[in-house]
Structures are given as C-alpha cells and as structure tokens.
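Chains as they are written, first to last, in this note's numbering: chain A, 4 to 219; chain B, 4 to 219. No residue lacks a Cβ here, since even glycine has one placed at the ideal position from N, Cα and C.
Protein chains: 2
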Amino acid sequence: MTTVEPLGAVRERVLAALRGDIIAGRLRPGDRLVERELADRFGVSRVPVREAIRALVGEGFVAFETPRRTVVRRLTRTDVRELFELREALEVYAAGLAAERAGRDELAALEELLDRAAKATAGGDGEAIADANTRFHDGILALAGNGLLVEVMQPVDGRLRWLTRRNEEWRQLLGEHRELYAAIASGDAGRARAQALAHVRANYRLTVRQLFGETG
Amino acid sequence: MTTVEPLGAVRERVLAALRGDIIAGRLRPGDRLVERELADRFGVSRVPVREAIRALVGEGFVAFETPRRTVVRRLTRTDVRELFELREALEVYAAGLAAERAGRDELAALEELLDRAAKATAGGDGEAIADANTRFHDGILALAGNGLLVEVMQPVDGRLRWLTRRNEEWRQLLGEHRELYAAIASGDAGRARAQALAHVRANYRLTVRQLFGETG
DNA sequence: CCAAGCGCGTTGGTATACCAAACCAGCGGA
DNA sequence: TCCGCTGGTTTGGTATACCAACGCGCTTGG
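Here's what the structure looks like:
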C-alpha cells in the first residue's frame with residue numbers, strides 16, 4: 004500500500020468493491036471468484052480476499068458451488084420463494100414491533116426517510132431510488148429495537164438488494180411504503196403487520212413476474 | 004499433521020472444539036480468544052483459527068469487543084429478549100409452514116426425534132437431553148422446507164443452545180414439544196403457530212427466571 | 001508520592017510460500 | 001473413434017513471517 008490504512012481496511016475495501024460489482028451486475032451470477040485473481044486485481048494478498056469472500060457468502064451474494072469453485076450466487080425460483088417467506092416472517096414482525104415502540108422522534112426520522120424516497124422516485128435515478136427505499140426498510144428495522152433482528156436480516160437484505168434493483172415499479176412501491184409508514188405511525192401493531200404483509204406479498208408477485216415472467 | 008486431513012478439516016476441527024468449549028462452559032463469557040494462543044494449543048497455524056473465530060462470531064458465540072480484543076460473548080437481558088423475539092418471529096412461522104407442508108414420512112421422522120427426546124429425558128443425562136431437544140427443533144425447521152430459514156436461524160440457535168443447557172425443566176419442555184408436534188401433525192397451520200408461540204413464550208419466562216432470577 | 005513519557009510486549013492484519021486435491025488437456029491403446 | 005490414463009495446471013487450505021497499533025508497566029522528573 005502506498006498509504007497507511009487503518010485496521011482491517013484492506014478487507015473492507017475488497018469487500019465493498021466486490022459487493023458493489025455484484026449488485027451493479029459487473030459480476031454476474033455464475034461468475035467465478037478466484038482468490039489469486041482478485042488478490043492480483045486489487046493489489047493485495049489472498050488473505051483479505053478470502054475473508055471478504057466469506058463475508059459475501061454470509062450476506063448471500065456468493066456461494067461455494069464445489070470445494071474449489073466459488074461463484075456469484077444464482078437466485079432460483081426456490082431462493083426467491085424462500086427469501087420472501089423470510090421477509091414475511093421478519094419484516095411483518097419488525098413492523099409490529101416498530102408500531103409498538105416508535106416514539107415521536109423515531110417516527111419523524113422514518114418520515115424523513117420516506118420523504119427522501121419520494122424525492123428520489125420523482126428524480127427518476129434508479130440507483131438513488133433503490134438506495135432510498137433500502138434505507139426506509141432499514142429504518143423500520145431500526146425502529147423495531149432489536150439488534151439481533153438487524154443482524155439476522157443481513158442475508159435477507161443482501162439478496163433483496165439484488166432484486167430491488169430490477170424492480171421498476173417505483174411509484175407503486177412508494178405508495179405501499181407510504182401506507183406502511185402510516186400504519187406504523189398509528190401505533191396499531193396489528194395494522195402495521197397487515198400492511199407489511201400486504202407489501203411483502205405484492206412485492207413477491209411483482210418480483211416473480213419480472214424475473215421469471217410468470218404470474219406466480 | 005500426522006495424518007492427511009480432508010479439505011478444510013483443520014478449520015472445522017478448531018471450530019467444533021471452540022464451540023464445544025463455549026457451550027460446555029469451559030470457555031466462559033468474557034474469556035479472551037487469542038489467535039496465537041489457540042493456534043499453539045491446537046497445533047495449527049493462525050489462519051484456520053481466524054476463520055473459526057469469524058464463524059463463531061457469525062453464530063453469536065463470540066464478539067469483537069475492541070479492535071484487538073476478541074471474547075466469548077456475554078448474554079445480557081437485552082440479548083435474551085432479542086433472541087426470544089426472533090424465535091417468536093421465526094419458529095412460529097416455521098411451525099406454520101411445517102404444518103402445511105409436512106407429509107406422512109416427514110411427520111414420522113419428526114415423531115422419531117420426539118421419541119428420542121422422550122427417552123433422553125427419561126434417561127436424565129442433561130447433555131443427551133439438550134441434544135435431543137435441539138434436534139427436534141432442527142427437525143421442525145427442516146420440515147418448513149426453507150433453506151434460507153435454516154441459515155438465518157443459525158445465530159439464533161447458537162445463542163439458544165447456550166441457554167437450553169441451563170434449562171432443567173426437562174419434563175415441561177418435553178410436554179410442550181409433544182403438544183407442538185401434535186399441532187404440526189394435525190396440519191392446522193394456525194394451531195401449530197399458536198402452539199409454537201406459547202412454547203417460545205413459556206421458554207422465555209423460564210429462561211429469564213433462571214438467568215436473572217426475575218419473573219420478567 | 002504521583003503523573004507524564006517512553007519502550008517493549010502483545011495482538012490482529014497482511015503478505016508470502018508451500019501443499020495436496022481436483023480439473024483438464026493431450027496421448028496412446030482398444 | 002472413443003475411452004481411459006497421465007502429467008501438468010489450477011486453486012483453495014494451511015503454514016510462516018513481517019508489520020503496525022495499542023496497551024501496560026517501568027522509569028524519571030516534579
């Protein structure tokens with residue numbers, strides 16, 4: 004390295020680069036990740052590359068296909084179904100907790116995130132929209148006040164970010180987010196859960212249609 | 004090495020050993036994990052030890068306290084609350100799926116696991132009982148037919164195994180498991196969910212009492 | 001006696017080197 | 001022509017070595 008880097012910086016840099024490549028589609032499902040090759044490309048040793056790859060496996064972006072074959076994960080129909088089942092379980096639960104626990108300040112923060120998503124949607128920049136919507140979801144998770152939930156959602160969120168990027172029905176998504184926000188703000192956990200469930204299921208149908216051209 | 008070991012065997016061996024030490028209490032919450040020290044103890048290099056430690060972090064057994072301080076995790080009241088909230092979300096959902104999806108063969112396999120838990124409970128060996136009950140829970144997860152759910156449950160299961168070991172109310176636990184099995188076998192998802200919810204909540208109260216001596 | 005400064009030991013991060021198993025292409029025999 | 005063998009190449013796993021930052025205790029000056 005030409006400049007001194009803080010502790011663990013190399014791994015983080017490689018991790019962020021690879022994750023970005025995967026999400027942006029520069030690395031496509033099925034593409035191999037070869038430790039030496041990546042180490043050379045980034046000008047680092049294999050060790051931080053190894054650790055970055057392990058982290059990506061944890062996030063659901065990468066899979067060990069065979070003992071010596073590490074690839075960008077392919078999302079099958081089954082994977083998508085499992086993903087949305089998990090979202091049903093976790094996001095619905097999180098929405099309920101959020102409705103019960105959110106105070107005035109937390110709700111204001113969440114509304115702020117919703118506004119940003121609205122502005123981004125008006126702006127039309129897909130990148131920014133996807134980002135803002137991801138933040139809104141993260142905001143709800145934060146409101147649920149459960150750190151373990153956030154940790155456990157990581158493999159779900161990783162896979163989801165892939166799909167969100169292909170989703171183009173931004174206006175519908177924004178509308179659903181508005182309703183979800185209103186439900187949480189009402190403090191009615193049951194209403195929040197119902198709204199979250201509807202949101203996840205609608206998103207599931209949309210995703211299946213876009214990915215596989217079916218009516219799922 | 005005196006004998007040739009298959010691919011990745013060293014890491015797995017270290018991982019299993021450390022996990023076992025933590026679960027069995029030979030390594031206690033707050034104890035430090037020092038890479039070099041462990042590498043020497045196991046007669047291996049630091050690399051597989053590093054990876055084993057990362058895996059344990061993922062499973063919830065270990066935490067990076069400060070940049071150079073890796074310790075066995077301490078479970079606080081908050082951690083336990085978050086853990087059982089997650090169990091509410093995930094195990095209840097899994098029980099519902101299991102009830103919907105389980106066929107004759109799968110149910111027979113689950114019943115077999117229940118029988119083993121019953122035998123173990125009669126036997127009185129705490130180790131064996133905890134093991135059998137863990138397997139029963141895993142069996143329900145398997146029946147849910149969602150691989151991602153299994154993956155996501157790992158950090159939850161890890162923490163839970165710690166607590167299960169301290170639980171001494173084996174007979175009550177077995178009774179709840181019997182009821183849960185019956186609910187799943189009935190094919191009624193709602194009933195299975197209700198039973199799972201009751202089970203998790205009862206277990207929560209019991210755990211809090213045992214850990215912190217409160218009625219929480 | 002106490003506080004600030006300094007130096008060495010500790011420790012995780014990174015780099016480099018070696019190993020063995022799996023893969024693959026090329027060759028030879030049936 | 002096709003199948004199986006074989007040797008080199010690829011590739012992840014493991015070992016060893018070096019580095020820098022942090023911490024702790026000792027020393028020294030007030």
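Quiz prompt | Neighbourhood of Arg90/A by C-beta, 6 Å cutoff - its chain only, sequence neighbours within 5 removed | solution = Val203
Exercise. Pull up the DSSP beta-bridge partners for Ala12/B, would you.
Key: None, per the DSSP bridge assignment.
Quiz item: So Thr79/B is in the beta strand (DSSP E); what residue range does that whole segment cover?
Solution: According to the DSSP assignment, Thr79/B belongs to no beta strand (DSSP E), since it is labelled neither H nor E.
Quiz item: What is the rounded straight-line gap between the Cα of Ala195/A and the Cα of Tyr96/A?
Solution: If you take the alpha carbons of Ala195/A and Tyr96/A, they lie about 9 Å apart.
Quiz item: Shortest alpha-carbon distance to Glu38/A belongs to which of Leu30/A, Ile26/A and Ala55/A?
Solution: Relative to Glu38/A, the option among Leu30/A, Ile26/A and Ala55/A whose CA is nearest is Ala55/A.
Self-check item: Proximal residues, the stretch 8-35 of chain A versus chain B, C-beta separation under 7 Å
Solution: Leu10
Quiz item: Looking only at C-alpha atoms, which of Val13/B, Leu10/B, Ala27/B and Thr79/B sits nearest to Asp134/B?
Solution: When only C-alpha atoms are compared, the closest one is Ala27/B.
Quiz item: For Arg174/B, which option in Val50/B, Ile132/B, Ala199/B and Leu59/B has the closest C-alpha, if you only look at C-alpha atoms?
Solution: If we check each option's Cα against that of Arg174/B, Ile132/B comes out closest.
Quiz item: Taking only beta-carbon atoms, is Tyr241/B less than 8 Å away from chain A?
Solution: Outside the displayed span of chain B (4 to 219) sits residue 241/B, for which this structure offers no information.
Quiz item: So is Glu62/A in contact with chain B if we call contact Cβ pairs under 8 Å?
Solution: For Glu62/A, the nearest beta carbon of chain B is not closer than 8 Å to its own beta carbon.
Quiz item: At which residues does the beta strand (DSSP E) containing Val75/A begin and terminate?
Solution: Arg72 to Val75
Quiz item: So does the stretch 30-37 of chain A actually touch the stretch 59-77 of chain A, counting three or more Cβ pairs closer than 8 Å?
Solution: yes
Quiz item: With distances taken between CB atoms, is the gap from Glu154/A to Pro70/B smaller than 8 Å?
Solution: no
Quiz prompt | Rounded straight-line distance, which links the Cα of Leu36/B to that of Glu182/A | solution = Each residue's CA atom was taken as its position, placing Glu182/A and Leu36/B some 48 Å apart.
Quiz item: Does the stretch 81-90 of chain B come close enough to the stretch 111-122 of chain B to have 3 or more Cβ pairs within less than 8 Å?
Solution: no
Exercise. Using DSSP bridges, identify the partner residues of Val65/A.
Key: Val75/A
Self-check item: Own chain residues within Cβ distance below 6 Å of Ala104/A, not counting five before or after
Solution: First, the residue type needs correcting, since residue 104/A is Arg and not Ala in the sequence shown. Counting only Cβ-Cβ distances below 6 Å, and skipping sequence neighbours, we find Gly148.
Exercise. For Asp160/B, count neighbouring Cβ atoms within 10 angstroms of its own Cβ and tell me buried if that reaches 16, exposed if not.
Key: buried
Quiz item: Are the C-beta atoms of Tyr184/A and some chain B residue less than 8 Å apart?
Solution: Interface flag for Tyr184/A against chain B is unset, since no Cβ pair is found closer than 8 Å.
Quiz item: In terms of residues, what are the limits of the alpha helix (DSSP H) holding Glu154/B?
Solution: Residues Gly150 to Arg169.
Quiz prompt | Counterpart residues of Arg35/B in DSSP-defined beta bridges | solution = Val74/B
Exercise. Look at the Cβ atom of Asn170/B, then the Cβ atom of Gln213/B, and state whether they are nearer than 8 Å.
Key: For the 8 Å CB-CB criterion, Asn170/B and Gln213/B form a contact.
Quiz item: Residues of chain A with CB under 7 Å from Pro70/B, in chain order?
Solution: By Cβ distance, chain A contributes Leu10.
Quiz prompt | Glu172/B, enclosing alpha helix (DSSP H) - first and last residue | solution = First-last for Glu172/B: undefined, no H or E at that position.
Quiz prompt | Pairwise C-alpha distance: Val52/A and Arg44/A | solution = 11 Å
Quiz item: Can you tell me the Cα-Cα spacing of Val65/A and Ala12/B, whole angstroms?
Solution: 21 Å
Quiz item: How many Å lie between Asp108/B and Ile143/B at the Cα?
Solution: Between the alpha carbons of Asp108/B and Ile143/B lies a distance of about 13 Å.
Quiz item: What does Gly150/A touch in chain B if you count any residue whose Cβ is under 9 Å from its own?
Solution: Thr81, Asp82 and Glu85
Quiz item: What separation, rounded to the nearest whole angstrom, lies between the Cα atoms of Leu21/B and Glu62/B?
Solution: If you draw a straight line from the Cα of Leu21/B to the Cα of Glu62/B, it is about 12 Å long.
Practice problem: Assign Arg139/B to buried or exposed, taking buried as 16 or more other Cβ atoms, counted over all protein chains shown, within 10 Å of its Cβ. | Solution: Looking at the sequence provided, one finds Phe at residue 139/B rather than Arg. The residue in question, Phe139/B, is buried, as its Cβ has 16 or more Cβ neighbours within 10 Å.
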